[in-house]
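J.:
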Amino acid sequence: MCYAYVMSIRRITLSVPEETASRIKKAARGAPVSAWVTALIEEHLDDENLERQWEEFCAKVKPTSADVKRAEAIHERVTGTRRRKGVA
Numbered sequence: 004m005c006y007a008y009v010m011s012i013r014r015i016t017l018s019v020p021e022e023t024a025s026r027i028k029k030a031a032r033g034a035p036v037s038a039w040v041t042a043l044i045e046e047h048l049d050d051e052n053l054e055r056q057w058e059e060f061c062a063k064v065k066p067t068s069a070d071v072k073r074a075e076a077i078h079e080r081v082t083g084t085r086r087r088k089g090v091a
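What the sequence shown shows, in the numbering used here, is residues 4 to 91, in sequence order.
Laid out in structure tokens, this is it:
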């Protein structure tokens, strides 16, 4: 038996400048704009949460600058991206 995941949806209204709306529609590439924007926001919130956890870890462990550089190099090698600083 297959059970569908049911997510509660709440409608909100966002007002953006006309140019921004056009850019969003173009970036969504035909996908529903609300789904595209939701995914983008969730990714940003996940990034913010990871950044907060990293800062909490650093406050507790107090890694040396060499440790931080090594961790960032590993992150870049594994993900192919640099860790964004100041994500909020």
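Yeah, the Cβ is synthetic: ideal placement off N, Cα and C, and Gly gets one too.
Excluding the 5 residues flanking residue 91 on each side, which residues of the same chain have their C-beta closer than 7 Å to its C-beta?
T.: Per-residue confidence for residue 91 stands at a pLDDT of 41, beneath the threshold of 50, marking its modelled position as unreliable; the derived number appears in the next sentence. These residues qualify, in order along the chain: 51.
J.: Could you give the first and the last residue of the continuous alpha helix (DSSP H) run that contains residue 48?
T.: It spans 36-64 - the alpha helix (DSSP H) in which residue 48 sits, taken as one unbroken run.
J.: For the alpha helix (DSSP H) containing residue 16, list its first residue and its last residue.
T.: Where residue 16 is concerned, there is no enclosing alpha helix (DSSP H), given that its DSSP letter is neither H nor E.
J.: Measure the alpha-carbon distance for residue 36 versus residue 65 and round it to whole angstroms.
T.: Taking the straight line joining both Cα atoms gives about 42 Å.
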